[in-house]
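First residue of the sequence shown? That's 20 in the working numbering, and the numbers climb one at a time after it. Everything on this sheet refers to the single structure shown next.
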Amino acid sequence: MSLGTLDRSPPPFFKQGPSALSKLLFFSALSLFLMVADTRFSITQPVRSALATAMYPVQWIALQPVRAYSSAAGYFTSLSAANANSEEVRKKLALQSLRAGQVEQLSQENQRLRKLLGLRDQLAAAVTAAEVLYDAADPYTRKVIIDKGMTQGIELGSPVVDESGVLGQVTRVHPLVSEVTLVIDRELAIPVLNVRTGARSVAYGDPSQSGSGLELRFMGSNSDVLQGDLLTTSGVDGLYPPGLPVAKVTRIERRAESAFAKIYCAPQALVQGARHVMVVKPLTGQIPARPLPVPEIKGKKGGAK
């Protein structure tokens, strides 16, 4: 190879040109100029818009996992909070319902007690307040147990009334409790008076096992009894004070083949669910004793001597 063909240019390392410091100053000044120009004249705004449009799909895809996690966390947090709020509201509603029921029960009980006190003022006989404890165990009778007995002066045969009328009669007395036979029991009979006509009769408990009413027996088919007639105690038996509501006539059956009418009545007292009652002292001690029979005067036998 001849010497004329050799490259005589200096190697790149030894090439002459701007120094590194000059390049740094140049590009720094250019950057500063571009920033000032962009701030003043927004010359790079089209480039930025193009880059933002091109990078938007990449940014959207990159943000999806974060958004999904945030949505799931927010959903479960909201669901848990909603369940907690629902449970709290349910408890509050149950408590308010219980309180409303108690208030309604107390209001009804207060109203019944007021009526019972008013009835006590109307009675001339001595009375004893009592409370029904429970129903008797015998399913074939209509009886209840009250919380008063011999210790409180309860007597056998005493009438028992509530705020609406006659509830029954004391048929068994114990030292601390007493048994009351209700007016709807088939073994109980009460002398009654028809307020409209003044006719007297006897009301008996319904003899059927599921009976919850009374009936007037041995009433003629042509007797003056109408549906809705009020029956009260007549007071002729010496036990019940006169004028206490007993029942109201609900149905009358008159048959041509029978000489008697079947008259059904509904009790005025709360025979199902009575709680507060009054035991009335029987009128037996207040009724004067019957006069002794006058002995017959025998005529003198024989004539005068």
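By construction, the Cβ of each residue, glycine as well, lies at the ideal position given by its N, Cα and C atoms.
- A distance below 7 Å between beta-carbons, with the five flanking residues on each side excluded, links S183 to the following residues of its chain, in chain order: P264, Q287, A288 and L289.
- Runs of the beta strand (DSSP E) lying entirely within the segment 208–256 and spanning at least 3 residues, in chain order: 208–213, 219–224, 233–239 and 249–252.
- According to DSSP, residue pairing for H295 in a beta bridge involves E150.
- If you draw a straight line from the Cα of G257 to the Cα of R274, it comes to about 34 Å.
- Excluding the 5 residues flanking it on each side, A293 has same chain C-beta neighbours closer than 8 Å at V151, V163, D181 and L186, in chain order.
- Between the alpha carbons of L302 and L114 lies a distance of about 49 Å.
- If you check the CB distance, S197 and I165 come in under 8 Å.
- For L186, the uninterrupted beta strand (DSSP E) segment begins and ends at V185 to V192.
- Assigned with DSSP and collapsed to three states, A288 falls in coil, not helix or strand.
- Between L49 and V66, the alpha-carbon positions lie close to 17 Å from each other.
- Taking Y88 as the centre and dropping the five residues before and after it, the same chain places no C-beta closer than 8 Å to its C-beta.
- Straight through space, the alpha carbons of R161 and A208 are spaced by roughly 13 Å.
- Linking V202 to K110 through their CA atoms gives a straight-line distance of about 43 Å.
- One Cα belongs to T170, the other to P194, and the distance between them is close to 6 Å.
- In the assembly as shown, E106 is an exposed residue. Its beta-carbon has fewer than 16 other beta-carbons within 10 Å.
- Contiguous alpha helix (DSSP H) elements confined to the segment 37–75 occur at 39–60, taking only those with 4 or more residues.
- Between V298 and K167, the C-beta gap is smaller than 8 Å, which places the two residues in contact.
- In the structure shown, the three-state DSSP call for V122 is helix.
- The distance from the Cβ of G224 to that of R205 is about 5 Å, consistent with a contact at the 8 Å cut-off.
- At a Cβ-Cβ threshold of 8 Å, A222 and L235 count as neighbours.
- According to DSSP, S177 shares a beta bridge with no other residue.
- Around the beta carbon of V244, a 10 Å sphere encloses 16 or more other beta carbons of the protein chains shown; the residue is thus reported as buried.
- Counting only the Cα atoms, E123 lies some 42 Å from A280.
- When C-alpha distances from H295 are compared across Q127, S68, L51 and D248, the shortest belongs to Q127.
- Looking only at M74, S99 and A149, the smallest Cα-Cα distance to V189 is reached by A149.
- P210 is a Cβ neighbour of R219, given a cutoff of 8 Å.
- With respect to P260, A144 sits close: the two C-beta atoms are nearer than 8 Å.
- Pairing A266 with L233 gives a Cβ-Cβ distance under 8 Å.
- Measuring C-alpha to C-alpha distances from G239 to each of D157, L250, L40 and E276 identifies E276 as the nearest.
- Only buried fits S253, as 16 or more other CB atoms lie within 10 angstroms of its CB.
- Ranking T200, A71, V255 and T72 by CA distance to the CA of D154 puts T200 first.
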